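Counting along the sequence shown from 1, when you hit position 60 you're at 80 in the numbering used here, and nothing is skipped either side. By construction, the Cβ of each residue, glycine as well, lies at the ideal position given by its N, Cα and C atoms. As the structure is a computational prediction, the values presented were derived from the model and not from experiment.
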Amino acid sequence: MNIYFRILFLSFLLCFMSLHVYSQEPKGILTRAIIYEGDTIPLFWLPTVKIYGTRIFKNKTEAIEYTRLVRNVKKVYPLAKLVGTKVNEINAYLNTIPNERVRKKELNRLEKELRDQYQDQVMALTFSQGKILIKLIYRETSRTTYHLIEDYRGSIVAFFWQSFAKLFGYDLKVTYDPNGRDREIENIVILIEDGKL
Numbered sequence: 021m022n023i024y025f026r027i028l029f030l031s032f033l034l035c036f037m038s039l040h041v042y043s044q045e046p047k048g049i050l051t052r053a054i055i056y057e058g059d060t061i062p063l064f065w066l067p068t069v070k071i072y073g074t075r076i077f078k079n080k081t082e083a084i085e086y087t088r089l090v091r092n093v094k095k096v097y098p099l100a101k102l103v104g105t106k107v108n109e110i111n112a113y114l115n116t117i118p119n120e121r122v123r124k125k126e127l128n129r130l131e132k133e134l135r136d137q138y139q140d141q142v143m144a145l146t147f148s149q150g151k152i153l154i155k156l157i158y159r160e161t162s163r164t165t166y167h168l169i170e171d172y173r174g175s176i177v178a179f180f181w182q183s184f185a186k187l188f189g190y191d192l193k194v195t196y197d198p199n200g201r202d203r204e205i206e207n208i209v210i211l212i213e214d215g216k217l
């Protein structure tokens, strides 16, 4: 009787172990599929790949201008990425503050902190680098610099800075057109992101 009990116990144990083995989740990639002439074919979306050949310039002036644009974008692009990151972080932080008075106090503190940290870098930019920075900030945040100032400091302060910028030839309301007038900048940014520049 004891041997029958052991065999019964082992058969139940093997039965439960086999259930455990078959109840594991399947491994692999979960994807969409299409059925074509009775065959199931997995469907994957591949990202767009841009291929750039060697650039041929019409004259030496064009080559110098392009080299200067590359240098300016390489200097300014990390700042624009930083602005995009900081805007997201600040928005997430300010959304956690329910009190408007505390929110304004925190905005003033954050502004002072950012000025102390990055003012020297921004002040060292040339005129053309400043123009590129304004465009790339729009690229990173989908908001013009004017609207960012308006969101954080108010419309009067934004109007003041826009008027001040106009005196020096800047426009804080400028947008970024990657397929039109800013195509060269976009190509350079893509090359920087791909590690080719």
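Reduced DSSP category for residue i - H, G, I as helix; E, B as strand; rest coil
i: arginine 52; result: strand
i: proline 98; result: helix
i: asparagine 117; result: Correcting the residue type first, residue 117 is isoleucine in the shown sequence and not asparagine. If DSSP states are grouped into helix, strand and coil, isoleucine 117 belongs with coil.
i: lysine 186; result: helix
i: valine 194; result: coil
i: leucine 130; result: helix
i: glycine 104; result: helix
i: threonine 87; result: helix
Residues near residue i in its chain [Cβ-Cβ closer than 8 Å; skip 5 each side]
i: phenylalanine 77; result: Ala83 and Tyr86
i: asparagine 119; result: none
i: isoleucine 210; result: Lys70
i: isoleucine 55; result: Ile61
i: alanine 178; result: Tyr166, His167, Ile169, Glu170 and Leu192
i: arginine 75; result: Tyr86
Segment limits, alpha helix (DSSP H) that includes residue i
i: aspartate 59; result: Per DSSP, aspartate 59 belongs to no alpha helix (DSSP H); it is in the beta strand (DSSP E), 59-63.
i: glycine 150; result: 147-161
i: valine 209; result: 203-213
i: leucine 168; result: 165-173
Own chain partners of residue i with C-beta closer than 7 Å, once the 5 adjacent residues on each side are dropped
i: lysine 101; result: Glu160
i: glutamate 204; result: Leu89
i: alanine 53; result: Thr60, Ile61, Pro62 and Leu63
i: lysine 155; result: Val194, Tyr196, Asp202 and Ile205
Residues near residue i in its chain [Cβ-Cβ closer than 6 Å; skip 5 each side]
i: leucine 192; result: Thr165, Tyr166, Gln182 and Ala185
i: methionine 65; result: In the sequence as presented, methionine is not what sits at residue 65; that position holds tryptophan. Nothing listed; no residue qualifies.
Short Cβ contact (8 Å threshold) for residue i with residue j
i: asparagine 207; j: tyrosine 72; result: yes
i: leucine 168; j: valine 93; result: no
i: proline 62; j: threonine 51; result: yes
i: tyrosine 190; j: lysine 216; result: no
i: valine 103; j: isoleucine 157; result: yes
i: leucine 114; j: arginine 121; result: no
Closer than 8 Å to chain D by CB, residue i
i: arginine 75; result: Considering every chain present, this structure includes no chain D. It has just one protein chain.
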